[in-house]
Amino acid sequence: MKTNSLPFTISKTENFFDRLGDYIGDVFYDILPEQGYELRDEQIYMAFQLEQAFKNKHTIFAEAGVGTGKTFVYLLYAICYARYRRKPAIISCADETLIEQLVKKDGDIEKLEQALGLSIDVRLAKARENYVCVRKLDALVEQTDDEDIHEVHDAIPDFVFDTSAMMKSFERYGDRKEYPWVSNESWEKIAWDPLEQCSTCEWRHRSGQTLNREYYRHATDLIICSHDFYMEHTWTKESRKREGQMPLLPEASCVVFDEGHLLEFAAQKGLTYRYNFETLSNVLTAYMGQDVREETLYLVEDILTLNDEWFQLLGKNTTDVKGSNRKEINFSSTMLEMAQSLYEKVQQLLEQLVFDAELFTMEDYHIKIIEEYLEFFSYGLSILLKDDEGIYWLEESDTSTNLVIMPRLVEEVLKKEVFSQDIPFVFSSATLAQAGDFSYLANSLGIQSFDSFSVDSPFDYEEQMKIAGHIASDKQIKWERIGKQLRENEGRSLVLFSTMEDMEEFREWVNLQSFSFHVLYEGDREISETVRTFQLTASSVLCAYHLWEGLDIPGEALTQVIISSLPFPPKDPVFQAKRKHAKNPDYEVDIPYMLLRLRQGIGRLIRSSNDHGAIQLWIEEQQKQLYEDQIEAVLPVNIDWN
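Here this note's numbering is used: position 512 in the sequence shown is 514, and no number is missing along the way.
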């Protein structure tokens with residue numbers, strides 16, 4: 003019989019953690035083995051370490067190799083602790099692919115339910131860009147011939163367009179996953195984006211995003227989200243409260259960061275400020291339409307003119323970054339002086355806004371929007387004007403120009419806003435330490451005190467895996483030899499690329515070939531649908547540039563992983579800032595990133611004790627001379643160089 007109460011009893015004289023320890027022991031020593039699961043010493047050791055972290059409300063780095071069963075361990079503790087504290091546990095994953103591994107049919111949560119007779123209340127909290135924006139969709143459907151977009155519009159429930167519909171008839175809808183046929187490129191045209199003014203949108207209370215948010219907030223066991231979403235919750239929590247809104251996530255009993263080594267970038271991304279040239283113009287033009295004083299109008303006109311000149315200058319002083327849509331800005335003293343002037347004038351306007359609001363009749367929501375955006379704009383400029391605190395770049399498309407400002411360091415904010423909470427935090431990954439040292443990760447996240455442990459994978463890699471190294475002298479020759487490797491393996495391969503551009507070059511080459519198997523590409527359809535197709539197709543190839551971690555395909559569907567090049571970080575402004583502040587950028591930034599990503603990519607191959615296969619690693623001759631020793635030191639088996 004399934005139950006949603008604690009899966010063990012506690013008398014008034016017993017301690018929760020004593021009974022929890024007994025139950026966990028029963029699960030891993032008796033219940034799971036009886037269900038056909040292997041008894042693993044690594045899993046037992048991890049369980050004991052996590053028990054101490056939960057008992058003492060500590061932060062713990064749990065580095066556990068592939069196949070240790072770490073997910074079962076942290077899920078069990080999170081669920082039991084959530085029921086004990088009567089607050090949901092938050093499982094924060096690196097991306098949507100990892101979330102899918104947890105909640106898919108026959109995924110870890112369903113397996114745990116079936117093995118232990120539990121009924122687990124698990125709900126997904128997805129980032130806003132995972133939901134359709136009805137406002138954008140409704141406007142676009144009249145202007146596009148894209149059949150996929152028309153099909154999404156047809157799938158929107160009737161109550162969304164029926165303003166007389168009662169709220170009790172509303173149902174959840176609008177999740178990216180519900181429209182698997184839509185490519186990433188088309189989805190961006192109809193999904194939420196940062197330029198949308200949701201607070202004043204007429205669709206707000208019937209939008210898919212709002213309805214899904216209302217649903218997951220009431221979870222009793224687990225809320226699963228991405229690192230990006232958890233950080234967005236963290237940074238917006240106080241401002242949402244001030245505006246009379248609820249935080250994105252409810253108060254949690256504990257937080258687990260799966261693939262926690264990727265949290266720092268999510269924290270930076272969550273604190274990023276994006277400025278669209280047209281948005282300031284639109285906001286201020288709307289302000290000029292209100293009943294404001296003449297001197298205010300002159301100030302607004304000055305800001306609009308200066309903003310126009312500044313963005314033009316920004317656009318003329320950028321450098322393209324290979325493999326990235328981020329353009330590096332070459333700031334001059336003139337550009338910084340203009341930014342300073344813009345900042346001062348916006349500060350003046352904020353003062354005038356208060357005065358105008360008192361003197362004349364202005365609707366409250368107009369005041370709130372203008373004030374909110376001006377404060378946002380002003381704060382971003384203040385980061386830009388402070389020496390060495392920000393990272394900046396320009397993103398340009400056919401229709402818009404965006405200035406992006408990201409804080410360089412986030413550890414102080416994380417220390418205050420996240421890790422000051424008196425709850426357990428668990429970092430789980432196969433790659434958390436650098437040469438056995440967790441302090442690099444801890445310092446970058448503002449974590450001052452932590453527990454840690456490492457356990458190796460139980461798999462017999464010597465028997466299950468072969469690694470071959472190949473020298474790439476010419477890209478066309480490399481593609482041909484990769485094509486031969488795919489044919490010899492009859493598909494059943496994952497090809498990992500460092501960038502989307504590399505993948506697209508390979509696609510162009512594949513289009514001229516004749517293969518007996520189907521080649522799938524990340525981005526052509528919703529990602530979980532693409533992964534499922536790959537897993538269920540007898541012989542196919544999956545090409546991806548994001549799936550270095552999180553992909554879990556045991557069995558014969560995946561018996562070869564081809565790493566098309568060493569996964570060094572891009573030369574974009576974020577990593578350039580890291581390099582600038584490193585004494586030895588190669589050894590402090592580039593090589594650690596490459597080795598960690600390489601380990602993650604190799605980890606996609608062997609997912610169970612019955613798996614087998616080969617890793618094909620492509621590398622340049624010069625890279626082999628420079629990095630051969632470091633690469634071989636992190637490989638699970640010896641590499642055979644061809």
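For every residue, glycine included, the Cβ atom is placed at its ideal position computed from N, Cα and C.
Next on the checklist: So, does the stretch 38 to 57 touch the stretch 426 to 437, judging by three or more C-beta pairs under 8 Å?
Outcome noted: yes
Item to check | Test item: CB-CB of H614 and I621 under 9 Å | outcome: In this structure, H614 lies away from I621, with their beta-carbon atoms at least 9 Å apart.
Checklist entry - K4: buried (16+ other C-beta within 10 angstroms of its C-beta) or exposed? => result Per-residue confidence for K4 stands at a pLDDT of 43, beneath the threshold of 50, marking its modelled position as unreliable; no derived number is given.
Next on the checklist: What does the alpha-carbon distance come out to for the pair W183 and E339?
Outcome noted: 48 Å
Item to check | D2 classed as buried or exposed, judged by whether at least 16 other C-beta atoms fall within 10 angstroms | outcome: The requested residue 2 is not part of the displayed model; the chain covers only 3 to 644.
Item to check | Selection from K347, L118, S343, L316 that minimises the alpha carbon distance to S334 | outcome: L316
Item to check | 3-residue-minimum beta strand (DSSP E) runs that sit fully inside the stretch 464 to 551, ordered along the chain | outcome: 467 to 473, 495 to 498, 520 to 523, 542 to 546
Checklist entry - Looking only at C-alpha atoms, which of L637, E280, E590, V124 sits nearest to P90? => result V124
Checklist entry - Whole-angstrom Cβ separation of I226 and I93, contact assumed at under 8 Å? => result 5 Å
Checklist entry - Quick one: Cα of V134 to Cα of T73, how far? => result 31 Å
Checklist entry - Do S255 and A127 have their C-beta atoms closer together than 9 Å? => result no
Checklist entry - When DSSP labels each residue in this structure, what does S335 get in the three-state scheme? => result helix
Checklist entry - Considering only the beta carbon of each residue, do R2 and A432 sit closer than 9 Å? => result Look at the range of the chain in this structure, 3 to 644, and you will see that residue 2 is not part of it.
Checklist entry - Across which residues does DSSP place M408 in a beta bridge pair? => result I393
Item to check | CB-CB length for L213 against R174, believed under 8 Å | outcome: 5 Å
Next on the checklist: In whole angstroms, give me the CA-to-CA distance for Q116 and S610.
Outcome noted: Cα-Cα distance, rounded: 20 Å.
Checklist entry - DSSP state of C203, grouped into three classes? => result coil
Checklist entry - Alpha carbon to alpha carbon, what distance is there between E353 and F452? => result Rounded to the nearest angstrom, the two C-alpha atoms are 45 Å apart.
Next on the checklist: Using only the alpha-carbon positions, how far apart do M337 and T99 sit?
Outcome noted: 41 Å
Item to check | Same chain, Cβ closer than 6 Å to D110, neighbours up to 5 away in sequence not counted | outcome: T73, L104
Checklist entry - According to the Cβ coordinates, are L637 and M596 closer than 9 Å? => result no
Checklist entry - Helix, strand or coil: how does DSSP classify R88 here? => result coil
Checklist entry - Assuming G485 and Q515 make a contact with CB atoms under 8 Å, what is their CB distance in whole Å? => result 6 Å
Checklist entry - Can the beta-carbon of F577 be found less than 9 Å from the beta-carbon of S500? => result no
Checklist entry - In this structure, does DSSP put L120 in helix, strand or coil? => result strand
Checklist entry - Between the stretch 503 to 511 and the stretch 541 to 557, do three or more beta carbon pairs fall short of 8 Å? => result yes
Checklist entry - S446 lies in the alpha helix (DSSP H); which residues open and close that run? => result 441 to 446
Next on the checklist: Let me make sure I understand the geometry here. Which of I473, D592, N491, L560 has the alpha-carbon closest to that of K626?
Outcome noted: The shortest C-alpha to C-alpha distance from K626 to any of I473, D592, N491, L560 is the one to I473.
Checklist entry - Given Q632, which residues of its chain have a CB within under 8 Å of its CB, disregarding the five upstream and five downstream residues? => result I593, L597
Item to check | Range of the contiguous beta strand (DSSP E) that encloses A616 | outcome: 615 to 621
Item to check | Own chain residues within Cβ distance below 6 Å of W205, not counting five before or after | outcome: V136, R137
Checklist entry - Is any heavy atom of the ligand ADP found at a distance shorter than 8 Å from the C-beta of K468? => result Absence of the ligand ADP is noted for the structure shown, with no ligands found whatsoever.
Checklist entry - Beta carbon of P460, beta carbon of G67: below 9 Å? => result Less than 9 Å divides the Cβ of P460 from the Cβ of G67.
Item to check | Rounded separation between K274 and N132 - CA only | outcome: Going by the sequence as given, residue 274 is Thr instead of Lys. Rounded to whole angstroms, T274 and N132 show a C-alpha spacing of 19 Å.
Item to check | Three-state secondary structure assigned by DSSP to K14 | outcome: coil
Checklist entry - I33 lies in the beta strand (DSSP E); which residues open and close that run? => result Counting along the chain, I33 falls outside any beta strand (DSSP E), and DSSP gives it neither H nor E.
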